[in-house]
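1316 is the number of the first residue of the sequence shown in the working numbering; add one for each residue after it.
By construction, the Cβ of each residue, glycine as well, lies at the ideal position given by its N, Cα and C atoms.
Keep in mind the model is a prediction, meaning the values are calculated, not measured.
Working notes, structure below.
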Amino acid sequence: MTTAVRGRAPDVVVASEGGKRKPVMLVSLDIGFDAAEITMAIASAGDAGADLLVCLGVTLPVANANAAARRTMGNPVVREQIAEILEEASVAGVKAHHLVYNTPRPLAATIGVAKSREAGLLVFGPDRKRYGRLRFRLHARALRRKSGCLVWPLE
């Protein structure tokens, strides 16, 4: 919301600080993150003065009865990369949080997290070489349609 004076153009537009900044979500589904998407998410969160939420969706097998006992924090290589992302964000002055969720449907869970956290920007950033071009496009399209926020990349 801006404030303007009638009859003349304001010299400075004043933005109200009453509203809460919506967080920026950086999301991958148990695959490493793309370097360009990491940079985009940290820069966006820093420019907006918002928090960065680094999310990792880990697929939980449905058919296995022992799946509940096998819940993990994801791939160890990805966990190391997330630690580097959190460090890079703190160096850039961005407050960052880490969220891991185990679910049979990680894409639906990502949409639910985006809605519940009221994300302003969702950066879908898995490594495209390992994720696959078609799978990436299908998942990005589903996120754009259902998440209720701006999704990057736009392709």
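Have a look at the DSSP bridge pairing and note the partners of residue i.
i: residue 1441; result: 1348
i: residue 1472; result: Nothing can be reported for residue 1472: it is not among the residues displayed for the chain, which extend from 1316 to 1470.
i: residue 1343; result: 1371
i: residue 1411; result: 1367
Excluding sequence positions up to five away, which residues of its chain have a Cβ less than 6 Å from the Cβ of residue i?
i: residue 1465; result: 1436
i: residue 1374; result: 1421
i: residue 1468; result: none
Whole angstroms are fine: how far does the CA of residue j sit from the CA of residue i?
i: residue 1370; j: residue 1419; result: 16 Å
i: residue 1394; j: residue 1342; result: 13 Å
i: residue 1335; j: residue 1454; result: 28 Å
i: residue 1378; j: residue 1392; result: 26 Å
i: residue 1348; j: residue 1451; result: 13 Å
i: residue 1445; j: residue 1346; result: 7 Å
i: residue 1447; j: residue 1367; result: 25 Å
Give every residue of the same chain whose Cβ lies closer than 8 Å to the Cβ of residue i, excluding the five residues on either side of it in the sequence, and list them in chain order.
i: residue 1457; result: 1422, 1426
Report all residues from its chain with a CB closer than 7 Å to the CB of residue i; omit the five preceding and five following residues, and keep chain order.
i: residue 1413; result: 1369, 1397, 1401
i: residue 1337; result: 1365, 1433, 1434, 1435
i: residue 1415; result: 1371, 1373, 1388, 1389
For the 8 Å Cβ check, are there 3 or more pairs between the segment 1399-1417 and the segment 1348-1364?
Verdict: yes, contact present.
Counting pairs of Cβ atoms below 8 Å between the segment 1430-1446 and the segment 1386-1398, do you hit three or more?
Contact annotation: the segment 1430-1446 does not touch the segment 1386-1398, with fewer than three C-beta pairs closer than 8 Å.
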